Amino acid sequence: MAELESTILDAALHVFSRYGVKRTSMSDLCELASVSRQTLYNHFRNKDDILRGLIKRYTDLALAEIHADLQAANSLGARLDLIFDRMVVRGYDTIQTMPNAQDFIDGVNAVSEEALQQSAERFRAVIFDTLVPHAQVFSKRGLDVAELSDFVQRAAKTAGMTARDRADLIQQLVTLRQLCTTAASQPEADPTENKEG
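When the letters of the sequence shown are read in order and numbered with UniProt numbering, they come out as residues 1 to 197.
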């Protein structure tokens, strides 16, 4: 992403979070980003385009951090914790600091369905890659990795939207992680199986 686009997006996030998407004008964005209207419009057609840019940038940065740190995470649980932190917790923390959080969320949801779907798919893919080494065990338990990845992504995002507070969010994500790690653990052999009789 070009430095100027990043500057504009930084300004947009600041102004949107402070005044809300509806009350922010393109002039407000120009002023904070220190760019002319023409420069702003050369990069973003309107506020909807800026919101899509914010979603893409958040996703790009989160996934870059996930990929950079994933190898150091030495267990399925640690990898899922990393993904959940970058995918959900950081966004939740950012939203909690916004005076006009609901207006920002409403603005994103109203105009950015395609960008949100693309973001979800990219996070689903990294969850799939994290779960697929355990596909054989999941299969023995009647779980399909693609379907499980979709479920985990949706459940984690829903937790971020519905949590009562940060502690509740973390607890929901811990539960989701535990469900995955339990399902991925090798089943203990049944001592009554394969006994000749």
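Cβ atoms here follow ideal geometry from the backbone N, Cα and C, with glycine treated the same way. Bear in mind that the values here come from a model prediction, so they are computed numbers and not experimental data.
Arg141 sits in coil when the DSSP states are folded into three classes, being neither helix nor strand.
C-alpha of Ser185 to C-alpha of Ala110: approximately 41 Å in a straight line. Taking C-beta atoms as the reference points, Thr130 and Arg164 fail to come closer than 8 Å. Setting aside the 5 residues that flank it on each side, Ala135 is surrounded in the same chain by Val145, each with a C-beta closer than 6 Å to its C-beta; the list follows chain order. For the pair of segments examined, the region 8-18 was found to touch the region 32-44: the number of CB pairs separated by less than 8 Å reaches three.
Lys56: member of the alpha helix (DSSP H) spanning 47-70, first to last residue. With a beta-carbon spacing of about 6 Å, Met87 and Ala62 fall inside the 8 Å limit used to define contacts.
Rounded to whole angstroms, Val174 and Tyr41 show a C-alpha spacing of 43 Å.
Nearest neighbour of Ser17 by Cα position, chosen from Ala64, Gln102, Gly142, Asn74, turns out to be Gln102.
DSSP, reduced to helix, strand and coil, places Arg86 within a helical segment of the structure shown. In the structure shown, Val108 adopts helical secondary structure according to DSSP, grouped into three states.
In the structure shown, Pro133 falls within a helical segment according to DSSP collapsed to helix, strand and coil. Around the beta carbon of Gln172, 16 or more other beta carbons sit within 10 angstroms, so the residue counts as buried. Counting the other Cβ atoms within 10 Å of the Cβ of Arg52 gives 16 or more, which makes it buried.
Taking C-alpha positions only, Leu169 is separated from Leu70 by approximately 22 Å.
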